[in-house]
Amino acid sequence: MNKLTDHFLIAMPGLMDQNFFQSVTYIVEHSEDGAMGIVINHPLEITLEEMFGQLKIEASPGTKALGNSLYLGGPVQEDRGFVLHDGDAVTWASSLQIEKALCVTTSKDILEAIAQGNGPRNSLVALGYAGWAAGQLEREISENSWLSGRADKDIIFNLPVEKRWSAAAQLIGVDISLLSSEAGHA
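Residue numbering for the sequence shown follows this note's numbering, beginning at 1 and increasing consecutively.
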């Protein structure tokens, strides 16, 4: 069934849940058992360099990724790290290949590599994930909480965070600024 795997979930303007307000969630896995995703546009007020210090991971000075933000990936297991990155899964101890050039990894070895400047070319490090039980996500979509469309790695890794919500909607031809926060059904 993986119909929403490798897709964006774009929060509708009326979705006021603080975990998902104006969010873009990258769907890592979707099956009849439920769905899992990583919110890609809710940065925390902590850099990777600060996180590495807290985890006692030695960082090489001048490593480009050190100034990157850590993200809140969702409200489930907020104490657990998830790294969304390009490349392949075989390089890291605990990875899931989502599509041919995009993975999610949960093992510490990738954090150590990023800190040393030897990690994947593109990565987004998040705490927690968004999870849905069987049928829950489909129900929320039918209730107009979400839009969905194919994901774009450029939005995940290269676009400034404040532009990701509107850019993800534009991928499916929607100007999110023109949508009302009030929902209705005919």
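Just so you know, even glycine gets a beta-carbon here, dropped at the ideal spot from N, CA and C.
Asked: CB-CB length for V39 against G73, believed under 8 angstroms; Found: 5 angstroms
Asked: Buried versus exposed call for I156 [16 or more other C-beta atoms within 10 Å across all chains shown]; Found: buried
Asked: Same chain, Cβ closer than 6 angstroms to N19, neighbours up to 5 away in sequence not counted; Found: P75
Asked: Test item: CB-CB of S107 and A93 under 7 angstroms; Found: yes
Asked: For A133, the residue or residues it bridges with in DSSP; Found: G34
Asked: Which residues DSSP lists as bridging S123, in chain order; Found: H85
Asked: Nearest residue (CA-CA) to A68, options E45, D33, Q136; Found: A small fix is needed here, since residue 68 is Asn in this sequence, not Ala. Comparing Cα positions, the closest option is E45.
Asked: 7 angstroms Cβ cutoff, Q18 in contact with chain B; Found: In the displayed structure, chain B is absent; only one protein chain is listed.
Asked: Short Cβ contact (7 angstroms threshold) for T105 with V90; Found: no
Asked: Residues of its chain near M1, where Cβ-Cβ distance is below 6 angstroms and the 5 sequence neighbours each way are ignored; Found: Model confidence at M1 stands at a pLDDT of 47, short of 50, so the residue's coordinates are unreliable and nothing is read from them.
Asked: Bridge-paired residues (DSSP) for L9; Found: T25, S148
Asked: Through-space distance from A115 to T63, alpha-carbon basis; Found: 7 angstroms
Asked: CA nearest to the CA of K153, picked from P43, A168, W146, L147; Found: A168
Asked: Beta-carbon gap between D175 and R121 smaller than 7 angstroms; Found: no
Asked: Segment limits, alpha helix (DSSP H) that includes E49; Found: 48-54
Asked: Candidates L48, G173, V161, I172, of which the one nearest Q22 by Cα; Found: V161
Asked: Span separating the alpha-carbon of L111 from that of Q54; Found: 12 angstroms
Asked: Spatial neighbours of A65 in its chain, beta-carbon cut-off 6 angstroms, leaving aside the 5 residues before and after; Found: L48, I114
Asked: DSSP-derived helix/strand/coil call for I98; Found: strand
Asked: Nearest residue (CA-CA) to M36, options L171, A133, R150, R80; Found: A133
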